[in-house]
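In terms of the numbering used here, the sequence shown has 130 at position 108, counting the first letter as 1, and numbering is strictly consecutive.
By construction, the Cβ of each residue, glycine as well, lies at the ideal position given by its N, Cα and C atoms.
The structure displayed is predicted, hence computed values, not measured ones.
Down below is the structure, laid out as structure tokens.
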Amino acid sequence: MGCLLALLGVGTAMGAAEAGPAATGAGSFQTLTAITLDEAPWSAVLVPEEGPPRDGAPTQALRWPVAERPGPDSPVLLTDWSGVDAVRFWLHLDKPCPFRLNVLLTGEMNGYFMTSIPLDFTGWRQFTLPIESFGKVREADLTAARRLSFRAQGYGQPEIEKTTVWWVDHVEARPKPGVKLPIAPIGPVAARAAWEALAREGNPYLILNARRYQAELPPFRPPAEIRSAWQYRGVAEQLVPLAYAVADPESPHRGRKDLLEHALGLVDWLTAQCRDEGWWWRQGPLPGDPNVNRFTLSPLLDGIRWLRLLPEGEAAWPRWRDTLAKAIDLQRRAYRHEEAWDWAGLAGGLYANQDLYYVLIMALSAELYQRPEDLEEAKAMLDKVAESQLPDGGFRYIGQENEAPVYHALNVIILGRYAKLTGDPLALKLLKQTANYWPLVLTAEAQPEYWSDVWWKQTWGYVWREALVTAAGATSDARVQWLMWRALERATPVDGGVAGIYCAPWWTGTAPGQAMPERFVTRDRNMRGIRGRAGQWYFGVTQGRGLRNTFTGGLLTSPVAPQPLLAAFRGAQIHVLEDETRYTSRWLSEREDRTALALRPDVAGALGARYTLQPGLINGVPTPKTPPSPWQVTQVWRAAGDGIVGMVILEATQDARA
């Protein structure tokens, strides 16, 4: 889908960039990444290797198995691309291809910039691409661009052969006249030094917010086209850091005319997009789901709360008030189960991340509309969220399920904002009780594990550092403080958007914290399992909470790479195909499995599980039933510092076709 959007969005810019000279009058090219063997991987898993020779000399380059990984992203190369005149790099093909390669600038923004290059050559070719040849897609902003990315698959092109391997080498950028390129600090030592330098000046996130808005901001321009209702959320989240910058009494940009004009225009447009019934999304042609409405409304209300600190914002409030009151009332009705189409509202109280958005919406409504009963509504929902908190500080993702790191991060950030807004003692207590979560789920480089998550949320992404900033402040736990700095060390200092504003009040400074033990084996009551570490190897077993695709997993990390994940293992699955004419299979465990754990302290954890194979069900709300199945599976695993070993047995308990 991303390639289709790019093709629609670029227009006449397509085809403008070819190999050869670019615009003149700028400075010399500067290396952004030489792509040597000790540099960070792209997209977490693509690593530099010994590459094909160039001009008779050996190379070290990024090996790119194209069919397997059609869309690699570089590590952060620059913290701002607006001062770049051109970018260049080397690309190696083993044979020509009858289509073009999309080259993108991506980053912390709702959109990207894209151009394309021909693939009509063999061997090495150097491409020089003027930045002006990159077309803008959606609300892309060069000041928020961070990475160079490639997208090899687009609509209408031939299928890429599975054995295709391309190579990328030596990425450089040429600055515009008089511009010093903000090259991102590479590696944990450089990144930590950059964060510490900010901390010596004050609160890093507030300093970064001020720097983000130093340049004059043009008037708000709405998206040229709405292709997904999630774009409304993206626009709403742009408001919070902007509203803080222009309206908060502590901001150096308070009252600045250009920022205020942009913010008021944004709110006018976003409010106008809200339908009379109070929604930005309802079942229809646009992709989305009912959470679009909550995730748009919450930052919109919060931004308006800041804007009303200024006379111009207060004067604008009457033209927004009635429309937003309808949007808030829709949420009340949804959580009273009066809107059957809002399936997420029907799960209210059992779906922590959306429920916390509802809590924050009601708290903001109480202040903006002077409705104390809405604050009581917020507290009542928070009572239900409290029931979903797990013994070691996570929250059930949905229904009876385990937590997932990405949603725990979101929960902590939103709960932290609500706690600062209201001082609600229950919110502070829940945050305090999350202290064990991050030390259990993160490696010493702040890399989350995802193998214990629900099957449809298993990825290998990185931690949301603003969640760790919030958790360090809210828990005062030295282990979390130490992990916060491990996360910051692997992140270029950028403002963090809405999460950066929300986490800023929780900033704890540069105290070192308490390091993670090099070796341990311990219980994790969040996932009903056992976790362990032996140096850079992390392992575990989990009973989970039903409908599992894996009961064990592990990962290896690098102590020095900015993107630390080196390898990951996610257990073993059995798929039973029941019909050769259709891809229907059974591959999950039951809703309630027969499982048992064993722990040998400081040595290993073990698990046994027996269940009948189930089809691909989501363990949501209501909890699904598990139908009879003729296929019985037994799994036994031992996970320890010397590896993971186990067995998976499939038995037919009656005659069955497969």
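Item                                                                                                                                   : Value
Residue nearest to residue 388 in terms of C-alpha spacing, selected from 379, 260, 400                                                : 400
Per-residue DSSP class, three states only, for residue 560                                                                             : strand
Alpha carbon of residue 533 to alpha carbon of residue 232, nearest angstrom                                                           : 24 Å
Sequence-distant residues of the same chain with beta carbon closer than 7 Å to residue 676, five excluded per side                    : 652
Of the listed residues 526, 614, 579, 594, nearest to residue 272 (C-alpha basis)                                                      : 526
Span of the alpha helix (DSSP H) around residue 494                                                                                    : 487-497
With 16 other Cβ atoms within 10 Å as the buried cut-off, status of residue 31                                                         : Any answer about residue 31 is weak, because its pLDDT of 29 lies below 50 and its placement is not dependable; what the coordinates show is given next. Its Cβ being crowded by 16 or more others within 10 Å, residue 31 is buried.
Beta-carbon proximity of residue 585 to residue 267, cut-off 8 Å                                                                       : no
Classification of residue 160 by the beta-carbon crowding that lies within 10 angstroms, buried from 16 upward                         : buried
Own chain, CB closer than 7 Å to residue 487, minus 5 neighbours either side, in chain order                                           : 509, 510, 513
Test item: CB-CB of residue 633 and residue 616 under 8 Å                                                                              : yes
Stretch-stretch touch, CB-based, cutoff 8 Å, three pairs: the region 140-148 with the region 207-225                                   : no
Runs of alpha helix (DSSP H) wholly within the region 93-138 (minimum 4 residues, chain order)                                         : none
Identity of the residues DSSP links to residue 657 by a beta bridge                                                                    : 631, 670
Inside the region 322-384 only - alpha helix (DSSP H) runs reaching at least 4 residues                                                : 333-357, 365-368
Residue 79, DSSP secondary structure in three states                                                                                   : strand
Residue 99 vs residue 206 beta-carbon contact at 8 Å                                                                                   : yes
DSSP beta-bridge partners of residue 55                                                                                                : 193
Contacts around residue 332, its chain only, beta-carbon distance under 6 Å, and the 5 residues preceding and following it disregarded : 269
4 or more residues per run - each alpha helix (DSSP H) lying fully within the region 402-486                                           : 427-444, 447-454, 459-463
Sheet register partners of residue 150 (DSSP bridge)                                                                                   : 110
Exposure of residue 496, with buried meaning 16 or more beta-carbon neighbours within 10 Å                                             : buried
Whole-angstrom distance between residue 297 and residue 306, CA atom to CA atom                                                        : 13 Å
Three-state secondary structure (DSSP) of residue 502                                                                                  : helix
Extent of the continuous beta strand (DSSP E) run through residue 617                                                                  : 616-622
Residues of its chain near residue 480, where Cβ-Cβ distance is below 7 Å and the 5 sequence neighbours each way are ignored           : 472, 473, 592
Unbroken stretches of the beta strand (DSSP E), 3 residues or longer, contained in the region 521-590                                  : 541-546, 551-556, 559-564, 574-579
Whole-angstrom distance between residue 194 and residue 203, CA atom to CA atom                                                        : 11 Å
Boundaries (first-last residue) of the beta strand (DSSP E) holding residue 167                                                        : 167-173
Cα-Cα separation between residue 150 and residue 279, rounded to whole angstroms                                                       : 39 Å
Bridge partners - residue 665, DSSP secondary structure assignment                                                                     : 662
Backbone CA spacing between residue 420 and residue 317 [nearest angstrom]                                                             : 17 Å
Top-ranked residue by Cα proximity to residue 569, from 626, 552, 639, 587                                                             : 639
Of the residues 456, 469, 438, 366, the one placed nearest residue 529, counting alpha carbons only                                    : 438
Paired residues, beta bridge with residue 601 - DSSP                                                                                   : 606
Integer-rounded CB distance, given that residue 188 should sit under 8 Å from residue 64                                               : With a Cβ gap of about 12 Å, residue 64 and residue 188 do not count as contacting.
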